[in-house]
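These notes concern the structure reproduced below.
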Amino acid sequence: IVERAVESVRQLIDERAHTISVQLPPHDAHVEGDSTRLEQVVANLISNAAKYTEPGGRIDVIVERQKDEVALRVRDNGIGIGPDMLPRVFDLFAQADRGLDRAQGGLGVGLTVVKRLVDLHGGRVEAHSDGIGKGAEFVVRLPTVLPGREDAVSSEGAERACARVLLVEDNGDAGESLMMLLELLGHRARMVHHGSAALEAARADPPDVMLVDIGLPGIDGYEVARRVRQDPALRHVVLVALTGYGRDEDRQRALGAGFDHHLVKPVNPETLESLVARLSPTATPPQGLRLH
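Each residue of the sequence shown is one higher than the last, beginning at 1 in the working numbering.
Here's what the structure looks like:
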């Protein structure tokens, strides 16, 4: 998993002229989970380190066996995380405050997604930094699986609904995080950035659910909802409004336009997961796997 994750972000590492070191234990470290999702967790942490480290930096990826768990460390000598932000790095979703990035002691896109996925695998993730300009380290800890039980499947969370999702979002960072969350939770997600493209995409390949930002340029989210509801081929689609406004009148306006649900940004990952997951009976159970 670690080796595949490194290769998946190799282009970014090379473009920024980073040196990356990978240290693996002498024997396989077995954990239980979905290999694709865990690979994306590792890749996202490495990508995050690469983006927020000045060109020519160093990234260390270390896998260690520690009693009944496996620890994965992704360490960089980049711009670091400020002490005021460190306790909250996993609480912000999609950089809800766009003024916060790691250049000012903030964080990269997708860390909340990483935490949620690690939680789903029965693990935990930690962030460490001595401050601005002093690099950062993220540590993922996952419970081990005894050798010979690699095919074991946990009953908790073993089945997760898979839905076809069309995301309509003109904010690139917010869209990237939502796409990552949806895909890593096993949904088939695609994204467009404005209303007319949303209508074209929905008609070409009708989704189960559409997540639509209200404040789109041109055709806004309300008009997208109205046109979807007027199309007989799309009447089955569940429409979810994404907006920064949560007043009762805002909710009523969204429902009046044809939306089924109304989510206020920043979107709570658990709320979104629960909402989308119940739309389809299709399930993908996790598999026992080796971390390298």
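Beta carbons: idealized from backbone N, C-alpha and C, even for Gly.
Out of the options, which has the shortest C-alpha to C-alpha gap to residue i?
| i | options | result |
| --- | --- | --- |
| glycine 244 | Gly215, Gly175 and Leu178 | Gly215 |
| proline 83 | His128, Ser196, Gly195 and Ala198 | His128 |
| phenylalanine 259 | Gly56, Ala225 and Val9 | Ala225 |
| leucine 111 | Val89, Gly122 and Asp130 | Val89 |
| alanine 189 | Ala277, Val228, Gln230 and Val125 | Ala277 |
| alanine 71 | Gly33, Leu275 and Gly123 | Gly123 |
| valine 228 | Glu64, Gly246 and Asp208 | Asp208 |
In three-state DSSP terms, what is residue i?
| i | result |
| --- | --- |
| leucine 142 | strand |
| aspartate 213 | strand |
| valine 267 | coil |
| threonine 243 | strand |
Counting only the same chain and skipping the five closest in sequence on each side, list residues whose C-beta sits under 8 Å from that of residue i.
| i | result |
| --- | --- |
| alanine 233 | Arg203 and Pro206 |
Check whether the Cβ atoms of residue i and residue j sit closer than 8 Å, and answer yes or no.
| i | j | result |
| --- | --- | --- |
| leucine 255 | leucine 263 | no |
| proline 269 | arginine 116 | yes |
| threonine 19 | aspartate 68 | no |
| leucine 45 | valine 2 | no |
| alanine 163 | histidine 187 | yes |
Looking at chain B, is there any beta carbon in it that lies within less than 8 Å of the beta carbon of residue i?
| i | result |
| --- | --- |
| histidine 262 | Structure shown: chain B not included; a single protein chain is present. |
Quick one: what's got a C-beta closer than 7 Å to residue i's C-beta in the same chain, skipping five residues either side?
| i | result |
| --- | --- |
| leucine 12 | Ser47 and Ala50 |
| serine 155 | Residue confidence is low: serine 155 scores 38 on pLDDT, short of 50, so the model does not pin down where it sits. No coordinate-derived value is stated. |
| aspartate 220 | Gly195 and Ile214 |
Spatial neighbours of residue i within its chain, please: CB distance less than 6 Å, with the 5 preceding and 5 following residues excluded, ordered by chain position.
| i | result |
| --- | --- |
| leucine 178 | Leu167 |
| glutamate 169 | Gly175 and Asp213 |
| methionine 210 | Leu166, Val237 and Leu239 |
| glutamate 126 | Val139 |
| glycine 56 | Ala17 |
Exercise for review: Check whether the region 121 to 138 touches the region 70 to 81, counting contact only when three or more Cβ pairs, one atom from each stretch, lie closer than 8 Å.
Suggested key: yes
Review point. Are three or more beta carbon pairs between the region 118 to 125 and the region 27 to 41 nearer than 8 Å?
Key: yes
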